[in-house]
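Residue numbers (the UniProt record's numbering): 1 to 150.
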């Protein structure tokens, strides 16, 4: 909190102070300890020296060899193939959205046509039951008007 309060006095945004401290903690350049309700940040020169020594030791342990060189070549080949396949998949993804939309429209249209067909037969049945002599006229209208449009 003290660092955040000191930031605006020096012309630095408090959120950027938080971000910088967090990135330093993530990179192990600053240590973070919580003591009670306070969070303390510290950077010890001995820790920095230890990290540099560890880095140098790891570099020495990684010798250049034919096996390592072949592994790097294989890695590069796999990355190139991965990027090619990713681009190809992107091309298919563009087509899939159009095909999916067409399929959705077809499903909606099919459901609508079934609903209208059911409605026509429901009206025909209702009229046949409630209006005498309407059955023959409805059959005639259905045969001459509705069937040719299907």
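Note that beta-carbon positions come from the ideal geometry of N, C-alpha and C, so glycine has one too.
- In its chain, beyond the 5 residues on either side, 32 have a beta carbon closer than 6 Å to the beta carbon of residue 25.
- Unbroken alpha helix (DSSP H) stretches of 4 residues or longer found wholly inside the stretch 70-127: none.
- In the three-state reduction of the DSSP assignment, residue 33 falls in the strand class, which pools E and B.
- Non-local C-beta neighbours of residue 39 in its own chain, meaning closer than 7 Å and more than five positions away in sequence, comprise 32, ordered along the chain.
- In this structure, DSSP gives residue 17 a helical state, which the three-state scheme calls helix.
- Linking residue 49 to residue 73 through their CA atoms gives a straight-line distance of about 34 Å.
- Under DSSP, residue 42 forms a beta bridge with 31.
- Under the three-state reduction of DSSP output, residue 54 falls in the helix class.
- Excluding its 5 nearest sequence neighbours in each direction, residue 51 has C-beta neighbours in its own chain below 7 Å: 28, listed in chain order.
- Annotation: the continuous alpha helix (DSSP H) that includes residue 8 extends over 2-9.
- If you ignore the 5 residues before and after residue 114, its C-beta comes within less than 7 Å of no other C-beta in its own chain.
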